[in-house]
Amino acid sequence: PVEVKFGVPQGSCLGPLLFILLTADLPEKVCKTASNLAGLGVFLYADDTLVTVEATTWDDVKAATRALEEDMVEYSRDNALHLNVEKTQILHLKNPQTIGTLGLLGVEIDRNGAFGTHHANVLNELRRRTGAIRRLASVLPRGKLLNEIARALVIGKLNVCAWVTRRSQGYQDQSRREPGAGDNAAVQVILNDLARTLNGVRRSDRIRASELLDRCGLPTVNKVVTSQSAMAVWKVSNDPTFPLAELLVSHDERTRGAALNLKKASTSRSVAAKNMADAWSSSPDLRDAQTLVEAWQHAKILG
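Residues in the sequence shown are numbered consecutively from 1, following the UniProt record's numbering.
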């Protein structure tokens, strides 16, 4: 038996649920003072917290930020929580003395809302992880275990918000592409080489990449993007409380898919919105899905 004086042991299956219950009132508590000074938005994801402060003057922003800091300290003290100061960042939009990018839930966003830095980081990380799999293949037998490790390390990294930062194959309008969106070809080459490693073949063997991917259960980049887009648009269409709904439906009128009533554009370069519209228009079964499980069954066969 382990003596527990407070909290739960690290790694406990109850940990995430209890933490969510504990911090459910955080948005209300930390904004009690600052909300009188500026417009606030609080976004929670596991133990990550993002707070936006919007006001007409910088003085109001600074005053609200100071009040917010005091509320956060008080809330943390009352709930026996500890702020990670090293991971706390502040991004002042339109202020020349700012950091160039902000890391949010594994995605690097620059002040123009583009993902060029994120793509470069993902590409380098995928190459590094693929190299690790290649070294593992020299000591582990090829088969189910090595395939599972590859999917966890490589596809797991690619899955991080791929549908927001990358275009599906249906997005061909180059004049309206998002800055830094990049081409998926470089990533697909990495996945193809990974499939060759898992199957023990070389490029000179002239075996179709699609066949090698199927053998070891690896998806294409387009399949990852399309499946994620399909699930996101289903959630937006069926759950008005979906946290990204307002952000994702602000896009160009030409991206409107079948039976999908979306707002008029606030920007003409939304990769995520176009991906969603393409996925929604291409699958009547997805549009008719009544449950999350049913939607996923249709989404995973797209792309």
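In this text, a Cβ means the ideal position worked out from N, Cα and C, and glycines have one as well.
Other residues of its chain near residue i: CB distance less than 7 Å, five sequence neighbours each side excluded
i	result
ILE20	none
residue 381	One cannot answer for residue 381 here, as it falls past the ends of the chain, which runs 1 to 303.
SER283	ALA230, HIS298, LEU302
GLU54	ALA38, GLY39
PRO45	Residue identity differs from the one stated: residue 45 is Tyr in this sequence, not Pro. So the list reads LEU105, once near-sequence residues are dropped.
ARG203	ARG196
Classification of residue i by the beta-carbon crowding that lies within 10 angstroms, buried from 16 upward
i	result
ARG196	buried
GLN89	exposed
ALA38	buried
ASN275	buried
CYS13	exposed
VAL293	exposed
ARG129	buried
SER227	buried
VAL73	exposed
GLU108	buried
TRP234	buried
PRO219	buried
ASN184	buried
ASP278	buried
LEU213	buried
HIS119	buried
ALA80	exposed
Residue i - DSSP class collapsed to helix/strand/coil
i	result
GLU3	coil
residue 315	Because the chain spans 1 through 303 in this model, residue 315 falls outside it and cannot be assessed.
ILE109	strand
PHE115	coil
THR130	helix
GLY156	helix
THR101	strand
GLY15	helix
VAL271	helix
VAL122	helix
LEU40	strand
Proximal residues to residue i (C-beta, below 8 Å), its chain only, five neighbours per side dropped
i	result
TRP296	MET231
GLY217	ASN147, ARG151
Residue-level contact to chain C via CB, residue i, 8 Å cutoff
i	result
ALA114	The structure shown contains no chain C, having only a single protein chain.
Rounded Cβ spacing between residue i and residue j (contact assumed at less than 8 Å)
i	j	result
ASP110	GLY103	With 8 Å as the limit, ASP110 and GLY103 do not qualify as a contact, their Cβ atoms being about 11 Å apart.
LEU123	VAL225	Going by Cβ atoms, the distance from LEU123 to VAL225 rounds to 15 Å, so no, they are not a contact pair.
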